[in-house]
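Written below as structure tokens is the structure these notes are about.
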Amino acid sequence: KNEVEQSPQNLTAQEGEFITINCSYSVGISALHWLQQHPGGGIVSLFMLSSGKKKHGRLIATINIQEKHSSLHITASHPRDSAVYICAVRGVTSGSARQLTFGSGTQLTVLP
Amino acid sequence: DSGVTQTPKHLITATGQRVTLRCSPRSGDLSVYWYQQSLDQGLQFLIQYYNGEERAKGNILERFSAQQFPDLHSELNLSSLELGDSALYFCASSVSGGSTDTQYFGPGTRLTVL
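Just so you know, the protein sequences line up as chains A and B, in that order.
Residues in the first sequence are numbered consecutively from 1, following our numbering.
Residues in the second sequence are numbered consecutively from 1001, following our numbering.
Printed below as a string of structure tokens:
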């Protein structure tokens, strides 16, 4: 079982729809990151969370530490939101376990 | 633009060869991370440096090595290349390398081993 599980793997939406991507993890973490990978391959850090909720523009990220679960929401989705969204967690134990462990990503396609 | 630069963008080479990937972190960032993204394994952490010293090691093969120089740029050396080493290699940087740092990713180097 992977330490970080994302769902769904693929998501197709119509422009304007509200989108939710989920991430579950099985280890204790110090932080959870949401990343966006563009079709060209570049990776952008969207959020880093250790508790609660963060909002940036049309993007909202939440985390529930007790349930080991995070969600990324996109309101009023747009075709330019089409990308792979990756959840990554940073562990609390020492050494390599404190580094980022990545989910397999969610491929989002927003149709006009 | 994250401020992290990586060269080259693309690299095509043959099995058994050795290559060097270069990364320059954002101005002021002391920590550099290397990641490998392959089709079958996804993104994986390879190694982290902080101010010239190795801080953590992940799934890095013995054929791979890295270093961070006094000017804080970093190089990832891949030797005795195999077909399975074909992947996107990302460098990221952060201010201090702490667990709550935001990491800024470079554009990546796409390595193709033929």
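A virtual CB, placed ideally from N, CA and C, is assigned to each residue, including glycine.
Remember, it's a predicted structure, so these values are computed and weren't measured experimentally.
Beta-carbon to beta-carbon, Ser1096(B) and Leu1030(B) are separated by about 6 Å, close enough to satisfy the 8 Å threshold.
At least one CB of chain A lies nearer than 7 Å to the CB of Thr1100(B). At a beta-carbon threshold of 7 Å, none of the residues of chain A lie near Gly1016(B); the nearest stands roughly 26 Å away.
In the displayed model, Arg1026(B) falls within coil according to three-state DSSP, outside both helix and strand. Listed in chain order, the non-local C-beta contacts of Ile86(A) below 7 Å within the same chain comprise Leu35, Gln37, Phe102, Gly103 and Gly105, local neighbours out to five positions each way being set aside.
Excluding five sequence positions before and after Tyr1033(B), the CB atoms of its chain that fall closer than 6 Å to its own CB belong to Gln1048 and Ala1092, given in chain order.
For Ala31(A), the chain B residues whose Cβ falls inside 7 Å of its Cβ are Ser1099 and Thr1100, in order along the chain. Those residues of the segment 72 to 94 of chain A placed with their C-beta closer than 9 Å to a C-beta in chain B are Ile86, Ala88, Arg90, Gly91, Val92 and Ser94, ordered along the chain. In terms of beta-carbon proximity, Ile43(A) lines the interface with chain B, with at least one pair separated by less than 7 Å. At a cut-off of 7 Å between beta carbons, Phe47(A) makes no contact with chain B.
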